[in-house]
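Engineer: Before I ask anything, let me first share the structure, which is written out below as structure tokens.
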Amino acid sequence: MALYDYKCDGCGVRFEQNHPMSAPPVRICPECGAEKVRKILTTGGVSISGGSAPSGPPPCATGGCAGGMCGM
Ligand SMILES: [Zn+2]
Numbered sequence: 906m907a908l909y910d911y912k913c914d915g916c917g918v919r920f921e922q923n924h925p926m927s928a929p930p931v932r933i934c935p936e937c938g939a940e941k942v943r944k945i946l947t948t949g950g951v952s953i954s955g956g957s958a959p960s961g962p963p964p965c966a967t968g969g970c971a972g973g974m975c976g977m
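Here the sequence shown stands for residues 906 to 977, numbered as in our numbering.
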């Protein structure tokens, strides 16, 4: 099982759905019933929308690289 984030372009509701990777993605909005649900890509709980660059300091600045693996 994997947890996926979805957002409805119809009513704007955002929800999470747990289903196997082999299962088809959710397409129907549970709120308004519109077939405008799209999957939101997530990386570690941070949503990526529209391919814009992530804001905030790089992982290294917050110790995210765990021991200078990135050379910083
Ligand atoms: Zn909706």
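Glycine included, every Cβ here is placed at the ideal spot set by N, Cα and C.
#1: Which residues mark the beginning and the end of the beta strand (DSSP E) in which Val-942 is found?
#2: Could you please give me the residues that DSSP links to Glu-936 through a beta bridge?
#3: On the criterion of 16 or more Cβ atoms from any shown chain inside 10 Å, does Cys-934 qualify as buried, or is it exposed?
#4: Less than 8 Å between the C-beta atoms of Val-942 and Arg-932, yes or no?
#5: If you count every other CB in all the chains shown that lies within 10 Å of the CB of Cys-994, and 16 or more means buried, which is it?
Structural biologist: Let me spell this out:
#1: Where Val-942 is concerned, the enclosing beta strand (DSSP E) stretches over 942 to 945.
#2: The partner list for Glu-936 (beta bridge, DSSP) is empty, contrary to what the question assumes.
#3: buried
#4: yes
#5: Nothing in the structure corresponds to residue 994, since the chain is present only between 906 and 977.
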